[in-house]
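Below you'll find the structure, written out as structure tokens, and then a few comments.
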Amino acid sequence: MARALAAAREAAAAGEVPVGAVVTGPCGDILAVARNRTRGRADPTAHAEMLAIRAAARRLGSERLAGCTLWVTLEPCAMCAGAIAHARLARLVYGAPDPKGGAVEHGARVFAQATCHHRPEIISGLCEAEAAGLLKAFFAARRGKPVP
448 MARALAAARE
458 AAAAGEVPVG
468 AVVTGPCGDI
478 LAVARNRTRG
488 RADPTAHAEM
498 LAIRAAARRL
508 GSERLAGCTL
518 WVTLEPCAMC
528 AGAIAHARLA
538 RLVYGAPDPK
548 GGAVEHGARV
558 FAQATCHHRP
568 EIISGLCEAE
578 AAGLLKAFFA
588 ARRGKPVP
């Protein structure tokens, strides 16, 4: 998660929403690291999770990431949760919850739906305070308010 948090800080420095993601292989080796790039790429699908999943799939030469873990600083949205299911990731580890846009424990609850064909193991709250702090500071600065 430390590498995902570093990627989130890189995103914030680039003016992107500070979300970072890492995909590790079954043995814990890092396969891909990504950060949000929606603004820089003018691409609404360029979420950190999507970019990390794509890079890991390219590296493994397979659309299936069986046995792999996705580490992300923020609860994934519905788009990213769908990609996680399609990639057959074994585990999802995320930091901060996202009551407005998250779709794992909030909103659509993608993995709880009967139509979801793959459900990863989910671990939430890892480094939650640091991940949430990055987001709060980023949005407070954009609004010209002091960081709480």
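So the mapping is simple: our numbering equals the position in the sequence shown, first residue as 1, plus 447. All C-beta atoms in this analysis are idealised placements derived from N, C-alpha and C, irrespective of residue type, glycine included. Since this is a predicted model, take the numbers as computed values, not measurements.
Taking the CB atoms as reference points, tell me whether residue i and residue j lie closer together than 7 Å.
i      : j      : result
Glu522 : Val557 : no
Val470 : Ala499 : yes
Ala532 : Cys563 : yes
Leu581 : Pro465 : yes
Ala497 : Ala530 : Looking at the sequence shown, residue 497 is not Ala but Met. Taking 7 Å as the Cβ cut-off, Met497 and Ala530 qualify as a contacting pair.
Ala555 : Ala525 : yes
What residue does the alpha helix (DSSP H) around residue i start on, and which one ends it?
i      : result
Arg538 : Unbroken run through Arg538 is the beta strand (DSSP E), Arg538 to Ala543; no alpha helix (DSSP H).
Leu581 : Glu575 to Arg589
Ala502 : Ala495 to Leu507
Candidates the options: which alpha carbon is nearest residue i's?
i      : options                           : result
Ala502 : Thr485, Phe586, Ala468 and Ile569 : Ala468
Leu452 : Asn483, Glu568 and Cys524         : Asn483
Val480 : Gly591, Ala458, Cys474 and Thr492 : Ala458
Pro491 : Leu517, Val519 and Cys527         : Cys527
Glu568 : Cys515, Gly475 and Lys592         : Cys515
Trp518 : Ser509, Ala489, Asp476 and Gly508 : Asp476
DSSP has residue i in a bridge; who is on the other side?
i      : result
Ala468 : Ala481 and Val519
Glu568 : Arg538
Could you pull the start and end residues of the beta strand (DSSP E) that residue i belongs to?
i      : result
Glu457 : Unbroken run through Glu457 is the alpha helix (DSSP H), Ala449 to Ala460; no beta strand (DSSP E).
So, for residue i: in the same chain, excluding its five sequence neighbours on each side, which residues have a beta-carbon less than 7 Å away from its beta-carbon?
i      : result
Arg535 : Arg511, Leu512, Ala513 and His565
Gly487 : Ala461 and Glu463
Residues in the same chain with beta-carbon distance under 6 Å from residue i, minus the five sequence neighbours each way, listed in chain order, please.
i      : result
Leu478 : Val470, Gly472, Ala503 and Arg506
Ala543 : Leu521, Glu575, Ala578 and Ala579
Gly548 : Cys524
Ala493 : Arg484 and Thr485
Ser571 : Tyr541
Leu573 : Met448, Val540 and Gly542
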